[in-house]
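Asker:
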Amino acid sequence: MKSTDQTPMNNKTLVAWVEEMAKLCQPDKIVWCDGSEEEKIRLTRQAIECGEVEELNQEKLPSCLYARSAENDVARVEHLTFICSRSQKDAGPTNNWMDPREAYKKLGDIFRGSMRGRTMYVVPFLMGIPGSPFNKIGIELTDSIYVVLNMRIMTRMGKVALDELGSSSDFTRGLHSKADLRVDRRYICHFPEDNTIWSVGSNYGGNVLLGKKCLALRIASWLGRKEGWMAEHMLIVGVENPRGEIHYLAGAFPSACGKTNLAMLVPPPSLRGYKVWTVGDDIAWLRIGSDGRLWAINPEAGFFGVAPGTNWKTNPNAMATIQRNTIFTNVLKKLDGTVWWEGLEDLPAEGIDWRGRPWTSTSGEKGAHPNSRFTAPASQCPSISPEWENPRGVPISAIIFGGRRARVAPLVYQSFDWQHGVFVGASMASETTAAATGRVGVVRRDPMAMLPFCGYNMGDYFRHWLNMGRKIPHPPKLFHVNWFRMDETGKFIWPGFGDNLRVLEWIIERVTGKAEAVESPIGYLPKANSINLEGLNISREKLESTLLNIDLDDWIAEAESQMEFFNKIGDTLPQEILQEHQKLLKRLKRGTSVLV
Ligand code: OXD
Ligand code: MN
489 MKSTDQTPMN NKTLVAWVEE MAKLCQPDKI VWCDGSEEEK IRLTRQAIEC
539 GEVEELNQEK LPSCLYARSA ENDVARVEHL TFICSRSQKD AGPTNNWMDP
589 REAYKKLGDI FRGSMRGRTM YVVPFLMGIP GSPFNKIGIE LTDSIYVVLN
639 MRIMTRMGKV ALDELGSSSD FTRGLHSKAD LRVDRRYICH FPEDNTIWSV
689 GSNYGGNVLL GKKCLALRIA SWLGRKEGWM AEHMLIVGVE NPRGEIHYLA
739 GAFPSACGKT NLAMLVPPPS LRGYKVWTVG DDIAWLRIGS DGRLWAINPE
789 AGFFGVAPGT NWKTNPNAMA TIQRNTIFTN VLKKLDGTVW WEGLEDLPAE
839 GIDWRGRPWT STSGEKGAHP NSRFTAPASQ CPSISPEWEN PRGVPISAII
889 FGGRRARVAP LVYQSFDWQH GVFVGASMAS ETTAAATGRV GVVRRDPMAM
939 LPFCGYNMGD YFRHWLNMGR KIPHPPKLFH VNWFRMDETG KFIWPGFGDN
989 LRVLEWIIER VTGKAEAVES PIGYLPKANS INLEGLNISR EKLESTLLNI
1039 DLDDWIAEAE SQMEFFNKIG DTLPQEILQE HQKLLKRLKR GTSVLV
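Numbering of the sequence shown is given in my numbering, commencing with residue 489 and proceeding in unit increments.
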């Protein structure tokens, strides 16, 4: 086996581990990635030559690539994702668990010889910002050039990561092989005590871009609990008011529920003077700053966004971002070498669909897979915040929890305090989407949008949130939103997208003590005239009677369903969560709201 001369001889632990993994996977060649432009050009050429990716129309979409994954490999596979902690209790009842010895053996058998005839790429990557105290380093070994090309967009990859690592052995060890892409030999395993991730048999982003869900959420949440910080499935956005004051908000929403759209929101004309700054669209790492506030960074360098539904109206910033240097996966390829997906303007008459088959607009088939994606550099986003690469991060004024709920949850409410807010996050629910395999549209509990991403026991995770609240001298205020309330005909009541700024405005005005609220059984609701409706086709009466309405029967049923979920957590569930649940039930039974 031959290594290239980029091998960092100063890091003996790293070199020894790469050699050990190479012995297992038996690649023909090992290539150390340096992250250079020259390397990008070389790897792109090779990936095109071997058919891993296709070139798109270079005039219309410069440096853009097209990829199709196997038909059975188009989403995260939660049922094949495991936390392999030594004790099953540490994985908790909401994660799949495998004994680490069994997992190493089972996956080792699949990895053995899986890279024969292939190259093993060594991808050093930095999650964080050069020089930031938040940073974590990972090394991903992979036999997929598609993965390398995506990792160089999604992370700070190559020399920058090795420089930051130096001779330290403190790095996440990630091993990935497509192997034979068989579902029955597909596993995504996390070994938190070994700071190790093994992913085999898939080439879909969420399963194989190991910096993202695997490191920055599952492993990082474990490390965050140990080290006193938080790794969360949250966007980070800065809202600048007409006076030039900026408040940063973090928002936890499940996959494919509009985090990217909210992070890149364009203010509606009636909110002239507001600006919205994108810091991150998927992951936030949060630490207590020396000023006693909670500070956040986006550890990623790119967006791995859902394509369907993205267009020049719903998200013009995303559209502007993906016009160059972007990898499109499982969208429709048009005959002129550009791309299309459901919901994008200019429906083409024909094209090649995500499965690689000829497609016409009258076929009745989807041209793009519902979970088709774009991978694009965050730096290209017109709304990217000047602070997005500040190693200190940004101070967070409010945290927003949100789900996709046709009923029950109102447009927005504020928790009474941190403990109640943790309960609100812990009892969050959402309708499932195409981002994971399985049924779509089923309501499931998804605490803090972390159900698929928490690397340890969910009860201990709630405890960590409660403990953090006690440690943060000036904690952010906690809110819940729901953009997805429907009327009896199944239509969304709230327009969403840019108009969501009206809700963010209320949230910020609550933080700064300006907006009025009504104390309801579930939390503080906006007083009807405290949300700006100017320029909207929704009357105050409609706002009150639908979007801000709390149906007590629905909520009592909701509280019962919350309890079913909490019962599953078992003895790690903090008493505080149960107390909050009892208090909620009591308030619901009393049923009154008071103006505060
Ligand atoms: C994602 C997801 O890709 O949550 O961000 O599935
Ligand atoms: Mn996500």
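Where is the CB? At the ideal position from N, CA and C, for every residue including glycine.
Since the model is a prediction, treat every value here as computed from it, not as a measurement.
(1) Is the separation between the beta-carbon of Glu877 and that of Ile529 shorter than 8 Å?
(2) For Leu553, tell me which candidate among Gly825, Pro874, Thr1034 and Gly978 has the shortest Cα-Cα distance.
(3) Let me check one thing: in DSSP terms, what residues is Cys677 bridge-paired to?
(4) May I ask which residues mark the beginning and end of the alpha helix (DSSP H) holding Ala809?
(5) Report, in whole angstroms, the separation of the C-beta atoms of Ile724 and Val696, which I expect to be a contact under 8 Å.
(6) Around the C-beta of Met938, are 16 or more other C-beta atoms found within 10 angstroms, so that it is buried, or is it exposed?
(7) Please determine whether the Cβ atom of Ala923 lies at a distance below 7 Å from any heavy atom of the ligand OXD.
(8) Taking DSSP as the reference, what is the three-state secondary structure of Gly616?
(9) Would you mind stating whether Gly831 and Thr863 have Cβ atoms separated by less than 8 Å?
(10) Could you tell me the alpha carbon to alpha carbon distance between Leu1073 and Pro961, rounded to whole angstroms?
(11) Compare the C-alpha of Thr748 against each of Leu774, Asp668 and Gly793 and name the closest.
(12) Three-state secondary structure (DSSP) at Ser665?
(13) Should His721 be counted as a contact of the ligand MN given a C-beta to heavy atom distance under 7 Å?
(14) Residues in the same chain with beta-carbon distance under 6 Å from Ser573, minus the five sequence neighbours each way, listed in chain order, please.
(15) To test your reading of the DSSP string, which unbroken beta strand (DSSP E) runs of 3 or more residues are found completely within the segment 537 to 591?
(16) Could you pull out every residue in the same chain whose Cβ sits closer than 7 Å to the Cβ of Leu568, ignoring the five residues on either side in sequence?
(17) To the nearest angstrom, report how far apart Glu833 and Phe659 are at their CA atoms.
(18) Any heavy atom of the ligand MN closer than 7 Å to the Cβ of Ser743?
(19) Quickly, what does DSSP pair Thr501 with across the bridge? List them, please.
(20) What's the C-alpha gap between Val926 and Ala649?
(21) Given the structure, does Phe862 come close to the ligand OXD, in the sense that its CB is under 7 Å from one of the ligand's heavy atoms?
(22) Does at least one heavy atom of the ligand OXD sit under 7 Å from the Cβ of Arg927?
(23) Under DSSP, the alpha helix (DSSP H) around Trp765 begins and ends at which residues?
(24) State the Cα-Cα distance for the pair Thr817 and Ala789, rounded to the nearest angstrom.
(25) Count the other C-beta atoms from every protein chain shown that fall within 10 angstroms of the C-beta of Asp987, then say buried if there are 16 or more, exposed otherwise.
(26) Give me the residue from Lys979, Trp1043, Thr1034 and Gly984 with the minimum Cα distance to Leu1024.
(27) Does the distance between the C-beta of Asp770 and the nearest non-hydrogen atom of the ligand NAP fall short of 7 Å?
(28) If you pair each beta-carbon of the segment 992 to 999 with each one of the segment 1010 to 1023, do three or more pairs fall below 8 Å?
(29) Candidates Leu663, Thr582 and Ala563: which alpha carbon is nearest Arg600's?
(30) Within a Cβ cutoff of 6 Å, which residues of the same chain sit near Met752, ignoring the five residues on either side of it in sequence?
(31) If you count every other CB in all the chains shown that lies within 10 Å of the CB of Asn1109, and 16 or more means buried, which is it?
(32) When you compare each of Arg604, Pro796 and Glu525 to Ser475 by their alpha carbons, which one comes out closest?
(33) Starting from the Cα of Tyr592, find the closest Cα among Val611, Ala856 and Met509 and give me that residue.
(34) Residue range of the alpha helix (DSSP H) that Lys1074 falls in?
(35) Quick check on Val688: buried or exposed, where buried means 16 or more other Cβ atoms within 10 Å of its Cβ?
(36) Tell me whether Tyr692 sits in a helix, a strand or coil according to DSSP, three-state version.
Answerer: This is what the structure gives:
(1) Locating residue 877 in the sequence shown gives position 389, counting from the first residue. Locating residue 529 in the sequence shown gives position 41, counting from the first residue. No; because the gap between Cβ atoms is not below 8 Å, this pair is not in contact.
(2) For this step, residue 553 is matched to residue 65 along the sequence shown. Selected option, being the one with the closest Cα: Gly825.
(3) Position 189 of the sequence shown holds residue 677. Per DSSP, Phe570 and Trp686.
(4) Position 321 of the sequence shown, counted from the start, is the residue given in the question as residue 809. Position check: residue 809 holds Thr in this sequence, whereas Ala was assumed. Pro804 to Thr809 is the extent of the alpha helix (DSSP H) around Thr809.
(5) Residue 724 sits at position 236 when you count from the first residue of the sequence shown. Residue 696 sits at position 208 when you count from the first residue of the sequence shown. Between Val696 and Ile724 the Cβ distance is about 25 Å, and since that is not below 8 Å, they are no contact.
(6) Numbered from 1 along the sequence shown, position 450 holds the residue referred to as residue 938. Burial call: buried.
(7) For the purposes of this step, residue 923 is identified with residue 435 of the sequence shown, where counting begins at 1. The answer is yes for Ala923.
(8) In the sequence shown, residue 616 corresponds to position 128, counting from 1. In this structure, Gly616 counts as coil in the three-state DSSP scheme.
(9) Within the sequence shown, residue 831 is the residue found at index 343, counting from 1. Within the sequence shown, residue 863 is the residue found at index 375, counting from 1. No, the Cβ-Cβ distance between Gly831 and Thr863 is not below 8 Å.
(10) As a first step, residue 1073 is located in the sequence shown; it is residue number 585 there, counting from the start. As a first step, residue 961 is located in the sequence shown; it is residue number 473 there, counting from the start. The alpha-carbon atoms of Leu1073 and Pro961 are separated by roughly 30 Å.
(11) For the purposes of this step, residue 748 is taken as the residue at position 260 of the sequence shown. Ranking Leu774, Asp668 and Gly793 by Cα distance to Thr748 puts Gly793 first.
(12) Here residue 665 corresponds to residue number 177 of the sequence shown, with the count starting at 1. It is a strand residue.
(13) If you number the sequence shown from 1, residue 721 lands on position 233. For His721, the shortest C-beta to heavy atom distance toward the ligand MN is below 7 Å.
(14) Counted from its first residue, the sequence shown places residue 573 at position 85. Closer than 6 Å at Cβ, skipping near neighbours: Ala579 and Pro680.
(15) 553 to 555 and 569 to 571
(16) Along the sequence shown, read from residue 1 onward, the residue named residue 568 stands at position 80. Closer than 7 Å at Cβ, skipping near neighbours: Arg674, Tyr675 and Ile676.
(17) Counting from 1 along the sequence shown, the entry for residue 833 is found at position 345. Counting from 1 along the sequence shown, the entry for residue 659 is found at position 171. Approximately 44 Å, taken between the alpha carbons.
(18) Locating residue 743 in the sequence shown gives position 255, counting from the first residue. The beta carbon of Ser743 sits closer than 7 Å to at least one heavy atom of the ligand MN.
(19) Taking the sequence shown and counting its residues from 1, the one referred to as residue 501 is at position 13. Paired residues: none, contrary to the question.
(20) Residue numbering aside, residue 926 sits at position 438 when the sequence shown is read from its first letter. Residue numbering aside, residue 649 sits at position 161 when the sequence shown is read from its first letter. According to the sequence as given, residue 926 is Gly; it is not Val. Those two C-alpha atoms are separated by around 36 Å.
(21) As a working mapping, residue 862 is identified with position 374 in the sequence shown. Not under cutoff, so the answer is no.
(22) Taking the sequence shown and counting its residues from 1, one reaches residue 927 at position 439. It does not: the Cβ of Arg927 is nowhere closer than 7 Å to a heavy atom of the ligand OXD.
(23) Counting from one through the sequence shown, the residue named residue 765 turns up at place 277. Where Trp765 is concerned, there is no enclosing alpha helix (DSSP H), although the beta strand (DSSP E) it sits in stretches over Lys763 to Gly768.
(24) The sequence position of residue 817 within the sequence shown is 329, counting from 1. The sequence position of residue 789 within the sequence shown is 301, counting from 1. Answer to the nearest angstrom: the Cα atoms are 18 Å apart.
(25) As a first step, residue 987 is located in the sequence shown; it is residue number 499 there, counting from the start. Asp987 is buried by the Cβ-count criterion.
(26) Here residue 1024 is taken as the residue at index 536 of the sequence shown, counted from 1. Of the listed residues, the one whose Cα sits closest to Leu1024 is Gly984.
(27) What this structure holds is the ligand OXD and the ligand MN, not the ligand NAP.
(28) yes
(29) Your numbering for residue 600 matches position 112 in the sequence shown. The option with the nearest alpha carbon to Arg600 is Leu663.
(30) Taking the first residue of the sequence shown as position 1, residue 752 is located at position 264. Closer than 6 Å at Cβ, skipping near neighbours: Thr766, Asn803, Asn805, Ala806 and Ser871.
(31) Outside the displayed range of the chain (489 to 1084) lies residue 1109, so it cannot be described from this structure.
(32) Residue 475 lies beyond the residue range present for the chain, which begins at 489 and ends at 1084; the question has no answer from this structure.
(33) The residue given as residue 592 occupies position 104 in the sequence shown. Measuring C-alpha to C-alpha distances from Tyr592 to each of Val611, Ala856 and Met509 identifies Met509 as the nearest.
(34) By 1-based counting over the sequence shown, the position of residue 1074 is 586. Lys1074 -> alpha helix (DSSP H) spans Gln1063 to Arg1078.
(35) On the sequence shown, position 200 is the one that residue 688 refers to. Answer is buried; the Cβ neighbour count reaches 16.
(36) For the purposes of this step, residue 692 is identified with residue 204 of the sequence shown, where counting begins at 1. If DSSP states are grouped into helix, strand and coil, Tyr692 belongs with coil.
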